[in-house]
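When we follow our numbering, the leftmost residue of the sequence shown carries the number 21, and every step to the right adds one. Notes follow the structure.
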Amino acid sequence: MMDKAKGALNSDKGEKVSDSALDKGEQFADKKTGGTHDAQIDKGRDAADGKIGNQ
């Protein structure tokens, strides 16, 4: 089951879905912090993107 989930995330469609979810999370965090932690949020988003999906 885990292999199937990883395979889905590694597809082009899975990459788009994961990127969209990460972008929404990043926007939510930026809004909640008033943009005061933009660099840290970007770094966290990039780290998460590096762990899931295609590179």
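All residues carry an ideal CB built from backbone N, CA and C; glycine is no exception.
Sequence-distant residues of the same chain with beta carbon closer than 8 Å to residue i, five excluded per side
| i | result |
| --- | --- |
| T53 | I61 |
Reduced DSSP category for residue i - H, G, I as helix; E, B as strand; rest coil
| i | result |
| --- | --- |
| I72 | coil |
| T53 | helix |
| S40 | helix |
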